[in-house]
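Protein chains in written order, with my numbering: chain A, 1 to 487; chain B, 488 to 974.
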Amino acid sequence: MELFEQTAASLAADIKSKKVSAKEVTDALLARIDAHDKNIGAFTCIDAEGARAQAAEIDSRIAKGESVGALAGVPVAIKDNIHVTGMPTTCSSKIMKPFVPPYDAFVTKKMREAGAVFLGKTNLDEFAMGSSTENSALQITHNPHDFERVPGGSSGGSAAAVAAGFSPLALGSDTGGSIRAPASFCGCVGLKPTYGVVSRYGLVAFGSSLDQIGPFGRTVEDTALLLSVIAGHDPKDSTSRAEPVDGLNAPLNPSAKGLKIGLPKEYFETDGLSDEVRNSVLAAVDALKSEGAQVQEVSLPMIKYAVPTYYIVATAEASSNLARYDGVHYGSRAEGTDNIIDLFSKTREEGFGPEVKRRIMLGTYVLSAGYYDAYYLRALKVRTRIAQDFDKAFEQVDVIASPVAPDTAFKLGELINDPLAMYLSDIYTISTNLASVPGISVPCGTDSKGMPVGLQLMGRRFEDARLLSTAAAYERLSGWNGKIASL
Amino acid sequence: MDYEIVIGLEVHVQLLTETKMFCSCRNQFTHEPNSNVCPVCIGMPGTLPVINKQAFELGILGALGLGCEIPELTKFDRKHYYYPDLPKNYQISQYDLPVSQNGIIEVEVDGVRKKFGVTRAHLEEDAGKLMHESSHSNVDLNRTGTPLLEIVSEPDMRSPQEARAYLEMLKLILQYTGISDCNMEEGSLRCDANVSIRPRGETKLGTKNEIKNMNSFRGVEAALTMVVDELLRQTEAGEAIRQVTWGYSIDRNQIFKMRVKEDANDYRYFPDPDLPAVHVGRDWVEAIRARLPELPLAKKDRFMKDYGLSDYDAGLMIQDKKMADYFEETTRISNMPKEAANWIQNDLARELSSRKVAVEDTAMKPEALAELLDLVSKKTINVPTARRVFMKILDGDTASPAAIVEKEGLAQVSDTGPIKDALEEAIKANPKAVADIEGGKPATAMFFVGQIMRTMKGKADPEAVAGVIAERFGIDPEILKSNKKKK
């Protein structure tokens, strides 16, 4: 097995036992990136020098017999809206250029302490707003399974990097499906943890009440490994959970015996759900059933309002979070203005792409005097109702299973001029963010075009470990085996 | 027509915390621009605010001092406006669930006690400062994130004098609670006013005018008086009153128009998703209430009742809590409240002010003043000698007053022998004065009081001196005491 094919868990074990050096692993992955990323465009920035230095440091500590962390020598890729000290954070936006953070995000600090080697930053839809990574102002990212197709979004670069064998692990962020959708499109595992499990400190905010950083891996075990490193209370994030989350450091228990799985009828009744996706997902659920799970229908009646609710809450928060990019303090500044209002306007006019502008305008509108009650306040009430739907369903079942997206990866350019269709591609993922519950995408086969399909599993709040165990139980049955796209 | 003046004040005070409102930067004035900042207070992408518990508690303490209720639930909201000194382009403030509301301040105006309502007092972060140059402006963010308590009054004041009295009492109460030093000149207390006029008997508010930048108590009264005059002039001239925002120049003692408002600002307030709402437990409030000191007017009443101070003296004694404490301590030891009050408001106040020393730092401790009062009351020394001893201690003599009197032989002489000798000597040298007295100008005998005091280096007992002179010339001794009674 080539080094780039190995899982993070096996690389960590081999590096620790000196079967292979961190430097060899890093070099192997940098070589693969060098050979193939020109066709994929996963990375916005590759820090070969920094990665080699980190690897050398790990090797020297292992040589000296010092204790090293759980990710010692394991290469990782970081979505380019999460800070790594000294590496530019672009958010794939022109307006951020040239912003270089002077501090590590909570998660990257934890990963650094665990010995991870940062290969570089990965492409995303500008400020994580999109479902195809086509909204990046920097570059296009191609799906490693079919270069004509999108990798999904917004964490398309991270998903593509993992699926292409550039990195066994990657970080993404998920506001409405931005980890799970690209994981599904690219055929890897992606988890959006329960809101509050992972600190948001050092993640450039999009929709603060929805944003959650999460791990990508090619296996559930690797995904769980990265989560165990990045989870934990952070006093700098008041929304991070103070109490420890059960089971994140325990080994997975991949069993479906006695597990109650719910199938939300509203999810399977949606127009636009492709037969192939429906069949793959139902087959996956059947496989779990054959392993001893009980399957029943559940209902999430308020789900039909999830997309409009999401596009009010997320855009309202985004319009506020993105107000700071004005040319005065950070990032780019428009030239040739002679007063402050023009400086603000022109900087933002030139710096933001069309999707970001659209969302800022939507968000500004719904927060405006006279509209606040009708839109924002109402959306918060619906959001509560959606969360209550999940609570009710989780009284009956342990895990809810559904598709991740209505279809497999679409073609580059196919939906870019139809924002509403693009928004609807998130229809199955958005509600977990609104309800603050965890969701995972795990590969469940391919469609007739050979494109991967994802099974989404959703769990109770802070039962992220159970979700991972369930995903691991299915993974054994799926025969996917951490497959890497053949490039 | 008879018009009624309606005034409400909005006051911002900086809280005396160790650190800023939402980060761990020191809360202190820093000269070098942008040297007391961190990623959080400059709103760097990826950062998150964390509520400063000390600021929160000081806010509650101050609000309790203003008689406010503390609701069980409070939250922070984002207030949006674009300005270069506000790095996030929103201010974290409180909108519909402030930390406190419905207070009352009792104020003395021309000897009459009146109650003015406090609508609310809420917590927020301060902005930075702009420094304008001819071609550009510089931004200094040292002040950004300083904790503020904004105190909004009801429109209860009916004259500029009442507004000033309210503000002075507000300042005094907040200084008593210790939450702020309330220095208007240095900007730790800032006051904006809303003012309108209406025909007496009308209950609706007239069109309001605002006044900003009145950075002294005198300025508040002066600017309000000028704006009221302008409103009356416009009304009497039949002009419609426009909603004008005025500035005030203390140097020129003038008001000037800053802007004429057409539309209300839309700040697009919404709950800050980075800061969960705070449940303020009743135990917590009571623990904070236990830290509340006796408030100024209660103290004044007690000083009048317990110590027999006049309204005037008691009013002076409470103008500074530390001065009031000094008075009480001196009185506790000496049991001479009236004399203590006289010394404190005259000699001590004058010397502290000219030497720029705080009452708690003066070398003249309450114990020493009490001892001095005791020496005077026992006629060991006379008042002029007591002043000399007082000055010696302020000038650095660390001995006690009694020890200084002993050491320097300052005890007063009541024995008439030396006084008579001194008088005879003076009579010989000043035959004209003698002739004047004997010729029907008994007041001229005062001249000999001064002569005797000079000869005896001020140590003579003034009563004995008066007795000796009166006897020698056969005049009424009261004539010789008249100059002691000047006020």
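Ideal placement from N, C-alpha and C gives every residue a C-beta, glycine not left out.
Considering only residues of the same chain and omitting the five flanking positions on each side of residue i, which have a CB-CB separation below 7 Å?
i, result
"B:K879", "I891"
"B:V714", "V682, N696, I698, W733, I742"
"A:S448", "E276"
"A:A205", "D211, N321"
"B:V772", "I547, I557"
"B:K907", "V955"
"B:P964", "A953, G954, A957"
"B:E854", "I820"
"B:V537", "F509"
"A:R61", "V68"
"B:R778", "L548"
Excluding the 5 residues preceding and the 5 following residue i in the sequence, name in chain order all residues of the same chain whose CB lies nearer than 8 Å to its CB.
i, result
"A:L3", "L11, V20, E24, V25, A28, L29"
"A:L468", "L191, V220, T223, A224, L227, L252, I440"
"A:D104", "H83, V84, T85, R112, G202"
"B:I591", "L553, G554, K602, F603, G604, V605"
"B:I962", "I924, P929, A932, I956"
"A:L380", "V313"
Is the Cβ of residue i closer than 8 Å to any Cβ of chain C?
i, result
"B:G530", "Here the protein chains are A and B, and chain C is not one of them."
For residue i and residue j, which I take to be in contact (beta-carbon distance under 8 Å), what is that distance rounded to the nearest angstrom?
i, j, result
"A:L487", "A:H142", "So it is not a contact: roughly 10 Å between Cβ atoms."
"B:Q899", "B:I868", "5 Å"
"A:G73", "A:A55", "6 Å"
"A:L455", "A:V307", "That belief does not hold up - the Cβ atoms of A:L455 and A:V307 are roughly 21 Å apart, past 8 Å."
"B:E505", "B:I684", "Not a contact, Cβ separation roughly 45 Å."
"A:S42", "A:T122", "Correcting the residue type first, residue 42 of chain A is Ala in the shown sequence and not Ser. Right, their Cβ atoms sit about 5 Å apart."
"A:A472", "A:P215", "That pair is no contact at about 14 Å."
"A:I261", "A:V281", "No, A:I261 and A:V281 are not in contact; Cβ-Cβ is about 11 Å, not under 8 Å."
"A:K79", "A:L124", "6 Å"
"A:I484", "A:G165", "4 Å"
"A:E126", "A:E355", "7 Å"
"A:T470", "A:V397", "Not quite, the Cβ-Cβ distance comes to about 11 Å (not below 8 Å), so this is no contact."
"A:K16", "A:V68", "7 Å"
Which residues in the same chain as residue i place their Cβ atom closer than 6 Å to its Cβ, once the five residues preceding and following it in sequence are excluded?
i, result
"A:L138", "T44, S92"
"B:A847", "The identity of residue 847 of chain B in the sequence shown is Glu, whereas the question assumes Ala. Only K809 meet the Cβ criterion."
"B:D923", "T931"
"B:K974", "Here B:K974 scores only 34 on pLDDT, less than 50, and its place in the model should not be relied on; the value that follows carries that caveat. Closer than 6 Å at Cβ, skipping near neighbours: no residue."
"A:W480", "P443"
"B:D489", "R687"
"A:P193", "Q212, G214, P438, D464"
"A:I230", "V107, K110, V198"
Tell me the DSSP bridge mates of residue i?
i, result
"B:N681", "B:G495, B:E697"
"B:E595", "B:R600"
"B:W771", "In the DSSP output, where bridge partners are listed per residue, B:W771 has none listed."
"A:L227", "For A:L227, which the question treats as bridged, DSSP gives no partner whatsoever."
"B:Y577", "B:H567"
"B:D627", "B:K616"
"A:Q212", "A:D174"
"A:K121", "A:C45, A:I78"
"A:N143", "A:D146"
"A:K411", "A:R149"
"B:W733", "B:I698, B:K744"
"B:Y490", "B:P686"
query: Can you give, in chain order, each stretch of the alpha helix (DSSP H) that sits fully within the region 779–855 of chain B and has at least 4 residues?
result: 783–794, 798–804, 808–821, 824–830, 836–842
message: At a CB distance below 7 Å, what residues from the region 312–345 of chain A approach chain B? Give them in sequence order.
response: Flagged, chain order: A316, E317, S320, A323, R324, D326, V328, H329, Y330, I340, F344.
- prompt: Hey, which unbroken runs of the beta strand (DSSP E) at 3 residues or more fall wholly within the region 360–405 of chain A?
  reply: 399–403
task: Select from the region 170–202 of chain A all residues with a C-beta closer than 9 Å to any C-beta belonging to chain B, and list them in chain order.
output: Of all residues in the region 170–202 of chain A, S199, R200, Y201, G202 have a Cβ within less than 9 Å of some Cβ in chain B.
- request: Using a Cβ-Cβ cut-off of less than 7 Å, list which residues of the region 549–567 of chain B approach chain A; keep chain order.
  value: R565, H567
task: Could you run through the region 573–588 of chain B and flag, in chain order, every residue whose CB is less than 7 Å away from some CB of chain A?
output: P574, K575, N576, Y577
query: What alpha helix (DSSP H) runs, 4 residues minimum, are completely inside the region 852–935 of chain B?
result: If we require 4 residues or more, the alpha helix (DSSP H) runs fully inside the region 852–935 of chain B come out as 853–864, 870–881, 888–894, 903–916, 918–925.
Interface positions of the region 722–755 of chain B facing chain A (Cβ-Cβ less than 7 Å), listed along the chain: Cβ proximity to chain A below 7 Å picks out D753, R755 from the region 722–755 of chain B.
query: Any residues in the region 601–613 of chain B with a beta carbon nearer than 8 Å to a beta carbon of chain A? Which ones, in chain order?
result: none
Residues within the region 62–83 of chain A neighbouring chain B, beta-carbon criterion of under 7 Å: H83
message: Threshold first: 4 residues or longer. Then list the alpha helix (DSSP H) segments lying entirely within the region 490–546 of chain B, N to C.
response: none
message: Taking beta-carbon pairs under 8 Å, can you tell me which members of the region 119–139 of chain A lie near chain B?
response: none
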